[in-house]
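Here the sequence shown is numbered in the numbering used here, starting from 3 and rising by one per residue. Report on the following structure.
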Amino acid sequence: MPELVASIEKLRASLAPLRRAEKTIGFVPTMGALHRGHQRLLERARTENDILVASIFVNPSQFDRQEDLEAYPRTLEEDLALCRAAGVDFVFAPSSQEMYPQRQLAWVEVTELDENLCGRHRPGHFRGVATVVLKLLQIVQPQRAYFGEKDAQQLAIIKRMVADLNIPVEIVPVATVREADGLALSSRNKHLSEEERRVATVLSRALFTAGALIEVGERSPQVVQAAVEPLFAKHSDVRLEYFSVVHPATLAPVEIITGRVLIAAALWIGTTRLIDNVTADPKREPTVL
Ligand code: AMP
Numbered sequence: 003m004p005e006l007v008a009s010i011e012k013l014r015a016s017l018a019p020l021r022r023a024e025k026t027i028g029f030v031p032t033m034g035a036l037h038r039g040h041q042r043l044l045e046r047a048r049t050e051n052d053i054l055v056a057s058i059f060v061n062p063s064q065f066d067r068q069e070d071l072e073a074y075p076r077t078l079e080e081d082l083a084l085c086r087a088a089g090v091d092f093v094f095a096p097s098s099q100e101m102y103p104q105r106q107l108a109w110v111e112v113t114e115l116d117e118n119l120c121g122r123h124r125p126g127h128f129r130g131v132a133t134v135v136l137k138l139l140q141i142v143q144p145q146r147a148y149f150g151e152k153d154a155q156q157l158a159i160i161k162r163m164v165a166d167l168n169i170p171v172e173i174v175p176v177a178t179v180r181e182a183d184g185l186a187l188s189s190r191n192k193h194l195s196e197e198e199r200r201v202a203t204v205l206s207r208a209l210f211t212a213g214a215l216i217e218v219g220e221r222s223p224q225v226v227q228a229a230v231e232p233l234f235a236k237h238s239d240v241r242l243e244y245f246s247v248v249h250p251a252t253l254a255p256v257e258i259i260t261g262r263v264l265i266a267a268a269l270w271i272g273t274t275r276l277i278d279n280v281t282a283d284p285k286r287e288p289t290v291l
C-alpha cells in the first residue's frame with residue numbers, strides 16, 4: 003500500500019534517507035480523479051526509478067473559473083487503489099493550506115510560451131501551473147518527473163521552466179492515452195452526459211483529419227482549419243475555442259507548414275472544456291493505400 007502523506011515536512015523526512023542511499027526518485031504530479039492516462043505515467047515512472055511518488059493536489063491557483071475548481075472531480079479512495087496497483091510508494095496529497103500557508107507572492111511565469119492556445123483563453127492558468135510544479139519539484143526533488151503530451155502547452159512550459167531555472171530534474175514526456183474511439187482520457191470526461199460523450203469524439207477526429215491532411219501534402223494551416231470546421235459546425239452544443247497549427251517548441255502559429263507541427267484544439271461541450279492535440283510531420287512519406 004502506498005504511504006499517504008499530507009505534510010511537506012513528513013514527505014521530506016521520508017524521502018531524505020532514500021535519497022542519501024542513492025535511490026532514484028520518480029515523480030508524477032496529478033490533480034487526482036486518476037484514469038488510464040495517469041496510470042501510463044505511473045507505469046513508466048515505476049520502471050525507471052527506485053522510488054515512485056505521485057501527488058494529488060487540485061491546485062486552486064491554476065483555475066481561472068471558481069465553478070471549475072469546485073466541480074473538479076475528487077475521488078481519493080479510487081485514486082489510492084489505482085496508485086497501489088501501479089506500485090506507487092508515496093502519495094502526496096496536501097491540503098491547499100499546506101501548499102499555500104500564506105498569500106503566494108512568488109510566481110513563476112514562462113513568458114511567450116503562455117501567449118497562445120490555452121494561455122490566451124485562461125488568464126493566469128500557466129502561471130499557477132508553473133508555480134505549483136516548481137513547488138512540488140522543490141518538495142519531492144525527483145530525478146525524473148513525468149508529464150502527459152495530452153497537455154502539450156503545459157509540457158512545453160514545464161520543460162522551459164526547468165531549462166531556464168536550472169532545475170536538476172529530467173522531464174519525461176508520455177504519449178496521450180485514448181479511448182477506443184479516439185477521445186483522449188481526461189478527468190473532465192466524467193462531466194460529460196452520454197450524448198455529450200458521443201459528440202466529444204469530434205475533437206480527436208478533427209485533429210487526426212488535420213494531421214492526415216498535412217502528412218499527405220497540405221501546407222496551409224488555413225486550408226487545414228477550413229477543412230475541419232464543418233465537423234464542428236454539425237453540432238449545435240459544441241463551441242470550438244481554438245484550433246491551431248503551431249510550432250511544437252515555440253507554440254507560435256505557423257504560416258506555412260514546412261516541418262513538424264503541433265495541432266492543438268480546445269472545445270466546449272455544454273459546460274465542459276476539453277483539450278487535445280496531435281503532431282504531424284509533412285516530411286513523413288504518405289502511406290500508399
Ligand atoms: P491532471 O491530473 O489532469 O493534472 O494530469 C496529470 C498528468 O497526467 C499531466 O501530466 C497530464 O498531461 C497527464 N495526463 C492526463 N491525461 C492524460 C492522457 N489521456 N494521456 C497521457 N497523459 C495524461
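All residues carry an ideal CB built from backbone N, CA and C; glycine is no exception.
Unbroken alpha helix (DSSP H) run spanning residue i, endpoints
i	result
residue 133	127-142
residue 149	From DSSP, residue 149 is part of no alpha helix (DSSP H) but of the beta strand (DSSP E) over 146-150.
residue 35	Here residue 35 belongs to no alpha helix (DSSP H), and DSSP marks it neither H nor E.
residue 232	223-235
residue 57	No alpha helix (DSSP H) contains residue 57, which is instead part of the beta strand (DSSP E) from 53-58.
residue 210	203-217
residue 164	154-166
residue 79	78-87
residue 253	First-last for residue 253: undefined, no H or E at that position.
residue 22	10-22
residue 71	68-73
Element boundaries [beta strand (DSSP E), containing residue i]
i	result
residue 5	5-7
residue 309	The displayed coordinates of the chain run from 3 to 291. Any statement about residue 309 would go beyond what the structure contains.
residue 278	274-282
residue 188	That residue, residue 188, is in no beta strand (DSSP E); it is neither H nor E in DSSP.
residue 265	263-271
residue 173	172-176
residue 98	Unbroken run through residue 98 is the alpha helix (DSSP H), 98-101; no beta strand (DSSP E).
residue 117	Neither: residue 117 is in no beta strand (DSSP E) and is coded neither H nor E.
residue 241	240-248
Through-space distance from residue j to residue i, alpha-carbon basis
i	j	result
residue 187	residue 179	6 Å
residue 2	residue 240	The chain is shown only over 3 to 291; residue 2 falls outside these bounds and no answer can be derived.
residue 36	residue 133	22 Å
residue 121	residue 251	15 Å
residue 108	residue 129	10 Å
residue 27	residue 13	13 Å
residue 167	residue 137	13 Å
residue 55	residue 43	11 Å
residue 23	residue 64	35 Å
residue 104	residue 228	48 Å
residue 281	residue 247	9 Å
residue 102	residue 284	45 Å
residue 272	residue 135	30 Å
residue 245	residue 165	28 Å
residue 11	residue 194	38 Å
residue 238	residue 125	27 Å
residue 174	residue 232	36 Å
residue 119	residue 275	13 Å
residue 99	residue 62	11 Å
residue 31	residue 83	17 Å
residue 18	residue 184	42 Å
residue 295	residue 41	Past the edges of the chain, shown from 3 to 291, lies residue 295, and the structure says nothing about it.
residue 253	residue 263	9 Å
residue 94	residue 68	24 Å
residue 172	residue 196	39 Å
residue 86	residue 58	14 Å
residue 156	residue 206	19 Å
residue 249	residue 15	42 Å
residue 114	residue 154	15 Å
Contact set for residue i: own chain, Cβ-Cβ below 6 Å, skip 5 residues either direction
i	result
residue 242	234 and 269
residue 177	151
residue 29	55, 142, 144 and 147
residue 123	243
residue 198	271 and 272
residue 112	132, 159, 162 and 163
Same chain only: Cβ atoms within 7 Å of residue i, ignoring 5 sequence neighbours per side
i	result
residue 192	35 and 75
residue 209	265, 267, 278, 279 and 280
residue 89	48 and 54
residue 226	212, 215, 216, 220 and 247
residue 230	208, 211, 212 and 245
residue 45	88
residue 116	128 and 159
residue 25	52 and 53
Own chain partners of residue i with C-beta closer than 8 Å, once the 5 adjacent residues on each side are dropped
i	result
residue 91	4, 5, 53, 54 and 55
residue 97	8
residue 39	150, 152, 178, 179, 186, 187 and 188
residue 169	136, 139 and 163
residue 71	60, 62 and 65
residue 21	27 and 143
Report yes or no: do three or more beta-carbon pairs, one from the stretch 249-263 and one from the stretch 209-229, lie closer than 8 Å? Between the stretch 249-263 and the stretch 209-229, the count of Cβ pairs shorter than 8 Å is three or higher; the stretches touch.
Evaluate the contact criterion for the stretch 74-88 versus the stretch 139-148: three or more CB pairs, one atom per stretch, below 8 Å. They do not touch, by the three-pair rule.
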